[in-house]
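Residues in the sequence shown are numbered consecutively from 1, following our numbering. Read through the structure below, which is laid out as structure tokens, and then see the notes.
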Amino acid sequence: MNDVQMTKEWRHVCDRVEAAADRHVAHYPDMEDAVRRQTAHFCAQAPPAETEELLDRILAANDLTASWTRDEEAAEVPKDRVDESSIESFPASDPPNWSPTII
1 MNDVQMTKEW RHVCDRVEAA ADRHVAHYPD MEDAVRRQTA HFCAQAPPAE
51 TEELLDRILA ANDLTASWTR DEEAAEVPKD RVDESSIESF PASDPPNWSP
101 TII
């Protein structure tokens with residue numbers, strides 16, 4: 001791939017990462033500084049020289065945007081011991097025992 005095409009493809013990847021960042025901070029404004037900093041750092045890289053390098057960066061972009069969601073999900077884990085035990089034991093091996101005699 002020539003330099004012009006590679007630069008165009010890299011810019012497209014950065015545009016997509018920036019759009020994902022915009023959507024994420026709209027839902028989680030408290031993460032805006034970290035998300036913007038990570039996005040700027042990612043997009044500040046020089047365009048890749050080869051197709052293989054571009055593909056590696058696309059995977060890195062996916063990992064970056066997925067990490068924002070994982071960070072938010074980790075923050076939402078319940079701290080209550082009962083809730084934690086319930087989460088760890090789900091799915092239960094046996095369904096609850098409901099029968100006409102119990103009702």
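Ideal placement from N, C-alpha and C gives every residue a C-beta, glycine not left out. Here the structure is a predicted model, which means the values were calculated and not measured.
Can you grab the Cα-Cα spacing for the pair leucine 55 / aspartate 15, in whole Å? Taking the first residue of the sequence shown as position 1, residue 55 is located at position 55. Taking the first residue of the sequence shown as position 1, residue 15 is located at position 15. Roughly 16 Å separates the two Cα atoms.
In whole angstroms, what is the alpha-carbon distance linking glutamate 50 and aspartate 63? Counted from its first residue, the sequence shown places residue 50 at position 50. Counted from its first residue, the sequence shown places residue 63 at position 63. Whole-angstrom Cα-Cα distance: 20 Å.
Express the C-alpha separation of tryptophan 68 and valine 35 in angstroms, rounding to a whole number. Counted from its first residue, the sequence shown places residue 35 at position 35. Counted from its first residue, the sequence shown places residue 68 at position 68. C-alpha separation (whole angstroms): 7 Å.
Proline 48 burial status per 10 Å Cβ neighbour count (16 or more: buried): The residue given as residue 48 occupies position 48 in the sequence shown. When all chains shown are included, proline 48 counts as buried.
From this set, Gln5, Thr65, Thr7, Asn2, which residue's C-alpha is nearest glutamine 38's C-alpha? Locating residue 38 in the sequence shown gives position 38, where the first residue counts as 1. Cα-wise, what sits closest to glutamine 38 is Thr65.
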